[in-house]
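This report refers to the structure that appears directly beneath it.
Protein chains in written order, with my numbering: chain G, 59 to 172; chain S, 6 to 121.
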């Protein structure tokens, strides 16, 4: 199994540009989520999904959209990039919600917005 | 809301030293508690967890005990190695018992540096 994969690894955007961060998992996990990691802030939840067709907002959802058309994929869209969105983004998945469950994290995407 | 507080780093130790990284939490219910580790350039990996009071999680020589009375989940290891150098995150979730699916609440992370 490849586990959780994320593309791209690095990205530089200009303010106002849009882009999609890709996330895929091959473990047939129902639950997937996106976090951002900022220096001195730990990780903060952006959006999550409990299954195909179902998404919900986390702690810091503004400026981001998600969709879940398949179990495997959970892309994160930046609608109009801002410098405040400069961060490292991690996708995670787990078998069924967080019922004491283990989260599997991808390697991250480092995004810089100029 | 829920929160996790852990000691600021970096924490620098010599090889074979005893390690303690403090973690305390605030939660309204009965959270599950986790320690995740992030090695340079990688995503987070689950190190250990505990789902109820007095449970002890352990893995790779690391241990942490869920202390409800002190709302703490301190990470310990008796003899650290250079390969333990990483960033360690304490985290919690309250969603498991009700089957909810909120995310994890993380502390800010502690950067551990082990010198030979």
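Quick reminder that beta carbons are idealized off the backbone N, C-alpha and C, glycines included.
- Cβ atoms of residue 166 of chain G and residue 146 of chain G come within 8 Å of each other, at about 5 Å.
- When beta bridges are read from the DSSP output, residue 105 of chain G appears opposite G:92, G:115.
- For residue 168 of chain G, the enclosing beta strand (DSSP E) has its first and last residue at 167-171.
- Chain G places a beta carbon closer than 8 Å to that of residue 111 of chain S, counting this residue as a contact.
- For residue 127 of chain G, the closest Cβ of chain S is not nearer than 8 Å.
- When the beta-carbon positions are compared, residue 90 of chain G and residue 150 of chain G come within less than 8 Å of each other.
- The stretch 88-105 of chain G and the stretch 129-145 of chain G touch, with no fewer than 3 CB-CB distances between them shorter than 8 Å.
- Distance from the CA atom of residue 56 of chain S to the CA atom of residue 162 of chain G, rounded to whole angstroms, is 18 Å.
- A direct Cα-Cα distance of roughly 20 Å separates residue 45 of chain S from residue 64 of chain S.
- DSSP places residue 60 of chain S in the coil class of the three-state scheme, outside both helix and strand.
- Burial state of residue 106 of chain G is buried, judged by a 10 Å Cβ sphere holding 16 or more other Cβ atoms.
- Beta bridge pairing from DSSP links residue 116 of chain S with S:92.
- Residues are counted here when their Cβ sits less than 8 Å from a Cβ of chain S; for the stretch 71-93 of chain G these are 89, 91, 93, given in chain order.
- In the structure shown, residue 85 of chain S adopts coil according to DSSP, grouped into three states.
- Assignment of beta-bridge partners to residue 24 of chain S by DSSP yields S:82.
- The residue from S:43, S:41, S:37, S:52 with its alpha-carbon nearest to that of residue 60 of chain S is S:37.
- Residue pairing by DSSP puts residue 68 of chain S in a beta bridge opposite S:63, S:81.
- The alpha-carbon of residue 66 of chain G is positioned some 18 Å away from that of residue 140 of chain G.
- Between residue 112 of chain S and residue 10 of chain S, the CB-CB gap stays under 8 Å.
- CA-to-CA, the gap between residue 66 of chain S and residue 53 of chain S works out to about 10 Å.
- Residue G:120 holds the alpha-carbon nearest to the alpha-carbon of residue 137 of chain G among G:148, G:120, G:104, G:153.
- By the 16-neighbour rule on beta-carbons within 10 angstroms, residue 72 of chain G is exposed.
- For residue 122 of chain G, no chain S residue has a C-beta closer than 8 Å to its own C-beta; the minimum C-beta separation is roughly 14 Å.
- Where residue 35 of chain S is concerned, there is no enclosing beta strand (DSSP E), because DSSP gives it neither an H nor an E.
- In the DSSP annotation of this structure, the continuous segment of the beta strand (DSSP E) that includes residue 77 of chain G starts and ends at 77-83.
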